[in-house]
Amino acid sequence: MKHFNTLLTVMFLLVWGGNIQSAKAQNSDIDWTQNAINFRNAVNKNVYLYNKTHNGFLNAGGKYGMQAVLNPRGIRLTLRQNAQGFYLEGPVKNESINKKGSCIGIINIDDKIYIDLAVPTEDEPRTAMAFDESGTNTFTIKGKEYQESPTYHSYKYDETHGYIRANGRKNDADEWCLVEADDYQNVIFKESEQGRYNISGLILNSRFIRNVVTQESEAFWSTERLNYESDDYCTSIDPKMGTEDSNDGYASEFGAFGCLEMGHVEGRFYQKISGLRPGLYAVTAQAFFDTNDKCTYKGGAYEAPNPAEASNAYLYANDAETRIPTLPENDYNTFKSYVDEQYKSLTNDGETNDKQYFRRNVPAAYFLAQGNQFSPDETFHRVTTYVTVTADEGSATGSLELGVRKDAVGGRVYVDNISLYYIGNEDEHLSFGVDAYGDESSVDTYTYEKEYYFKLSRKFNLNQWSALTLPVDLTGQQVKEAFGDEVELCKLYGENPQNHNQILFEPVDINNTYNAVIEANMCYLVKVKADAKFNENARYTFNRRNEAYPQYGSAPEKVIYDHGYIYEFTGVNCPGGIKKQETKPSPDGKLNYTYFNYHPEYAPKGSYVMSGGRMYHLTDNWDSLIGTAWYITEATPSQGSLTFVIDNGNGTTDINGIVTETPAGKAAEGVYTINGQKVASDKSLNDLPKGIYIVNGKKYIVR
Numbered sequence: 040m041k042h043f044n045t046l047l048t049v050m051f052l053l054v055w056g057g058n059i060q061s062a063k064a065q066n067s068d069i070d071w072t073q074n075a076i077n078f079r080n081a082v083n084k085n086v087y088l089y090n091k092t093h094n095g096f097l098n099a100g101g102k103y104g105m106q107a108v109l110n111p112r113g114i115r116l117t118l119r120q121n122a123q124g125f126y127l128e129g130p131v132k133n134e135s136i137n138k139k140g141s142c143i144g145i146i147n148i149d150d151k152i153y154i155d156l157a158v159p160t161e162d163e164p165r166t167a168m169a170f171d172e173s174g175t176n177t178f179t180i181k182g183k184e185y186q187e188s189p190t191y192h193s194y195k196y197d198e199t200h201g202y203i204r205a206n207g208r209k210n211d212a213d214e215w216c217l218v219e220a221d222d223y224q225n226v227i228f229k230e231s232e233q234g235r236y237n238i239s240g241l242i243l244n245s246r247f248i249r250n251v252v253t254q255e256s257e258a259f260w261s262t263e264r265l266n267y268e269s270d271d272y273c274t275s276i277d278p279k280m281g282t283e284d285s286n287d288g289y290a291s292e293f294g295a296f297g298c299l300e301m302g303h304v305e306g307r308f309y310q311k312i313s314g315l316r317p318g319l320y321a322v323t324a325q326a327f328f329d330t331n332d333k334c335t336y337k338g339g340a341y342e343a344p345n346p347a348e349a350s351n352a353y354l355y356a357n358d359a360e361t362r363i364p365t366l367p368e369n370d371y372n373t374f375k376s377y378v379d380e381q382y383k384s385l386t387n388d389g390e391t392n393d394k395q396y397f398r399r400n401v402p403a404a405y406f407l408a409q410g411n412q413f414s415p416d417e418t419f420h421r422v423t424t425y426v427t428v429t430a431d432e433g434s435a436t437g438s439l440e441l442g443v444r445k446d447a448v449g450g451r452v453y454v455d456n457i458s459l460y461y462i463g464n465e466d467e468h469l470s471f472g473v474d475a476y477g478d479e480s481s482v483d484t485y486t487y488e489k490e491y492y493f494k495l496s497r498k499f500n501l502n503q504w505s506a507l508t509l510p511v512d513l514t515g516q517q518v519k520e521a522f523g524d525e526v527e528l529c530k531l532y533g534e535n536p537q538n539h540n541q542i543l544f545e546p547v548d549i550n551n552t553y554n555a556v557i558e559a560n561m562c563y564l565v566k567v568k569a570d571a572k573f574n575e576n577a578r579y580t581f582n583r584r585n586e587a588y589p590q591y592g593s594a595p596e597k598v599i600y601d602h603g604y605i606y607e608f609t610g611v612n613c614p615g616g617i618k619k620q621e622t623k624p625s626p627d628g629k630l631n632y633t634y635f636n637y638h639p640e641y642a643p644k645g646s647y648v649m650s651g652g653r654m655y656h657l658t659d660n661w662d663s664l665i666g667t668a669w670y671i672t673e674a675t676p677s678q679g680s681l682t683f684v685i686d687n688g689n690g691t692t693d694i695n696g697i698v699t700e701t702p703a704g705k706a707a708e709g710v711y712t713i714n715g716q717k718v719a720s721d722k723s724l725n726d727l728p729k730g731i732y733i734v735n736g737k738k739y740i741v742r
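Everything in the sequence shown is counted per my numbering, starting at 40 for the first residue and increasing by one.
Dropping the structure here:
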């Protein structure tokens with residue numbers, strides 16, 4: 040039987056020798072030892088096995104995909120007991136003839152732990168366990184190597200190799216505990232602090248382990264318009280790979296790599312979770328979409344290409360969704376090389392029958408894991424969807440449907456390592472933000488390492504280009520949920536390389552990127568398409584907390600924005616804090632822009648500003664610049680005015696002449712808000728609501 044010393048193996052060794060993210064580094068804010076159950080009370084209960092020493096849950100990976108490894112999310116187990124001792128059964132359904140089963144146990148002395156072994160018997164006790172208490176609800180695990188004159192070996196995580204092994208040294212054993220399945224749900228009701236609590240144990244088979252089941256109805260996931268037996272989708276390496284009548288080498292090397300694959304189909308693949316505490320949640324997954332789908336393989340032969348013009352797949356959670364991006368060209372070529380290399384390897388040494396079992400979800404998962412069988416960096420090509428779960432009607436708890444949706448037949452999507460995080464309590468709805476109409480003292484001085492709602496108090500003229508800079512990074516999903524699905528965004532480049540008399544802005548792809556589409560403190564134009572969530576010129580109050588002195592259990596601070604028009608963004612942090620103002624160079628260094636997070640006194644004469652969808656070259660100081668807007672100056676002043684151009688990225692441009700005047704001068708007749716909205720034809724401020732107004736280019740406050 041051939042074992043593969045291919046390019047893939049070499050690349051795996053290179054990755055393994057690099058910087059590998061540990062289970063501990065990927066873990067959440069939960070102290071699971073405080074939620075553990077005594078093992079004596081856990082028999083016949085659904086549990087997760089948690090390694091206190093290394094802060095990770097037992098999961099599957101490594102050789103055949105059946106080695107015991109550590110991961111931020113665990114596989115659901117059941118603690119059993121018979122005459123041989125305790126043993127842990129998992130969801131695996133091993134199809135092999137030898138050592139068939141679903142229990143965790145030892146293969147050989149001082150060797151790896153596997154998760155797919157048989158129930159312990161008198162003749163074969165290697166899955167039997169003894170627990171030695173080491174603390175409150177914590178213990179060490181001893182496994183039997185053989186029955187006659189039994190030798191016990193302690194379970195220990197091998198940091199060098201990244202898997203759990205049997206260790207004969209009792210004084211070097213890891214501490215473990217059992218977490219009841221219900222505690223994944225209960226723990227979020229105990230947490231009062233804002234955080235990032237990994238409750239992925241509520242998602243069953245979120246890593247798409249091989250051999251979990253053979254029938255989709257048993258696989259924990261629900262589907263709509265998808266048939267497991269006939270449709271072109273799967274979730275793991277085929278179970279026939281690695282049995283006695285098939286290619287053992289391929290399964291041994293790549294058995295840890297499996298993910299959800301959907302092609303030639305449209306429909307939903309999802310789970311429903313109920314009994315959740317209302318609040319802010321994040322759903323993440325590693326994922327990418329293949330618009331080419333050129334090498335569809337099914338039933339032992341390649342089919343016709345199945346292209347799509349753009350991604351039609353989404354990671355969704357209730358009514359929130361994030362489009363799954365396509366890969367950058369270099370990454371796509373890497374993925375395709377893995378597909379070709381693995382498929383080719385199955386034809387070596389005459390082992391051609393295995394071609395019929397080959398699916399691209401294995402090289403896709405290999406690509407997403409970057410070849411790491413044990414503890415991959417799950418932030419690589421990660422997609423995130425934030426959702427606010429509210430209480431169900433007549434209940435104090437809420438429900439969440441999460442999964443993957445594909446809206447058209449064309450193209451193919453790959454998804455792995457789905458995770459669920461609880462972030463914050465909906466009762467408090469903790470937030471921070473920027474008041475575009477506030478004075479300098481209104482700028483928030485706190486820093487926010489954790490994720491919150493971000494509030495922007497600002498009225499936009501819809502469907503007009505407006506200046507924008509924000510103190511936070513935002514994803515495409517976050518921007519679209521606040522500003523509308525059809526929002527348009529451009530980023531300042533600097534001078535146009537093709538025409539040095541033009542200020543160049545370049546469009547930002549909001550729909551097809553893993554990166555932030557708005558970067559903190561950068562210079563943008565935005566065309567907002569949606570009204571504010573709170574769309575009134577009225578006082579708006581929200582809650583915030585100082586992370587440095589959270590005083591949890593006490594009432595949060597109240598923040599008031601006087602002028603309303605609140606746009607809300609979910610799942611936002613600001614670890615560096617909010618600067619009051621700053622002058623920065625454009626990316627090409629030819630221009631400077633100055634932004635403010637409060638209403639400044641003025642933009643200076645000679646600078647460039649946006650107002651009412653037009654760019655102005657100011658002939659006088661202008662006192663209508665608001666917070667989260669900017670003005671631009673030339674690094675080396677020139678004679679005359681620059682024009683303004685947007686490069687559409689498809690060979691065309693939008694060129695706008697710049698108006699050489701001060702926009703407030705055009706508003707001399709009448710009363711205007713600081714957004715440029717006319718509210719009175721004469722110059723009287725009588726009967727106007729509280730606010731800041733412009734009359735004859737001067738600012739007035741009605742209290």
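Glycine included, C-beta positions come from ideal geometry on N, C-alpha and C.
Could you give the distance in angstroms between the alpha-carbon of residue i and the alpha-carbon of residue j?
i, j, result
"L109", "N502", "50 Å"
"N357", "L441", "6 Å"
"S275", "G104", "10 Å"
"G616", "N585", "12 Å"
"P278", "N74", "35 Å"
"A167", "A157", "10 Å"
"A370", "L315", "Note on residue identity: the sequence assigns Asp, not Ala, to residue 370. Rounded to whole angstroms, D370 to L315 spans 37 Å at the Cα level."
"V448", "Y353", "14 Å"
"Y600", "R444", "38 Å"
"R398", "F406", "14 Å"
"N631", "L299", "47 Å"
"C562", "E621", "11 Å"
"D171", "A220", "22 Å"
"R362", "L528", "17 Å"
"L495", "F247", "40 Å"
"A668", "D524", "22 Å"
"A359", "V426", "6 Å"
"F308", "P402", "21 Å"
"D68", "N237", "7 Å"
Quick one: is residue i buried, meaning 16 or more other Cβ sit within 10 Å of its Cβ, or exposed?
i, result
"E490", "buried"
"V511", "buried"
"F141", "With the sequence shown as reference, residue 141 is identified as Ser, and Phe is not the correct amino acid for it. Counting Cβ neighbours within 10 Å, S141 comes out buried, since at least 16 surround it."
"R204", "buried"
"K519", "buried"
"P624", "exposed"
"A674", "exposed"
"Y461", "buried"
Hey, could you find the ends of the beta strand (DSSP E) residue i is sitting in?
i, result
"V454", "R451 to N464"
"P589", "First-last for P589: undefined, no H or E at that position."
"V401", "Run containing V401: none in the beta strand (DSSP E); it sits in the alpha helix (DSSP H), N400 to A408."
"A290", "Segment D287 to F293 is the alpha helix (DSSP H) holding A290; no beta strand (DSSP E) there."
"F228", "Where F228 is concerned, there is no enclosing beta strand (DSSP E), although the alpha helix (DSSP H) it sits in stretches over D222 to K229."
"R362", "A359 to R362"
Kindly list the residues whose CB is nearer than 7 Å to the CB of residue i, restricted to its own chain and excluding five residues on each side of it in sequence; keep chain order.
i, result
"T514", "T423, A555 and V556"
"E700", "Y655 and T658"
Excluding the five sequence neighbours on either side, which residues of its own chain have a C-beta within less than 6 Å of the C-beta of residue i, listed in chain order?
i, result
"D165", "It should be pointed out that residue 165 corresponds to Arg in this sequence rather than to Asp. Closer than 6 Å at Cβ, skipping near neighbours: G144 and I145."
"F573", "Y579, G603 and I605"
"S239", "R112, S245, S458 and L459"
"V565", "S505, L507 and L528"
Under DSSP, the alpha helix (DSSP H) around residue i begins and ends at which residues?
i, result
"S548", "Per the sequence shown, residue 548 should be read as Asp rather than Ser. No alpha helix (DSSP H) contains D548, which DSSP labels as neither H nor E."
"V732", "Contrary to the premise, residue 732 reads as Tyr rather than Val in this sequence. Unbroken run through Y732 is the beta strand (DSSP E), G730 to V734; no alpha helix (DSSP H)."
"Q517", "G515 to F522"
"K37", "Since the first and last residues shown for the chain are 40 and 742, residue 37 lies out of range."
Taking the alpha carbon of residue i as the point to measure from, which residue in the options has its own alpha carbon closest?
i, options, result
"L664", "I457, A475 and P317", "A475"
"N612", "A169, G472 and F78", "G472"
"N250", "D455, D155 and Q412", "D155"
"N80", "T609, D211 and V218", "V218"
"G318", "S438, E640, F259 and Q409", "S438"
Ignore the nearest five residues each way along the sequence and tell me which others in residue i's own chain have a CB closer than 8 Å to its CB.
i, result
"L469", "Q233, G463, Y491, Y492, N582, R583, R584 and P595"
Given 7 Å as the limit, tell me if residue i has its C-beta closer than that to any heavy atom belonging to the ligand COA.
i, result
"D601", "Judged by which ligands are present, the structure shown has none, so any question about the ligand COA falls away."
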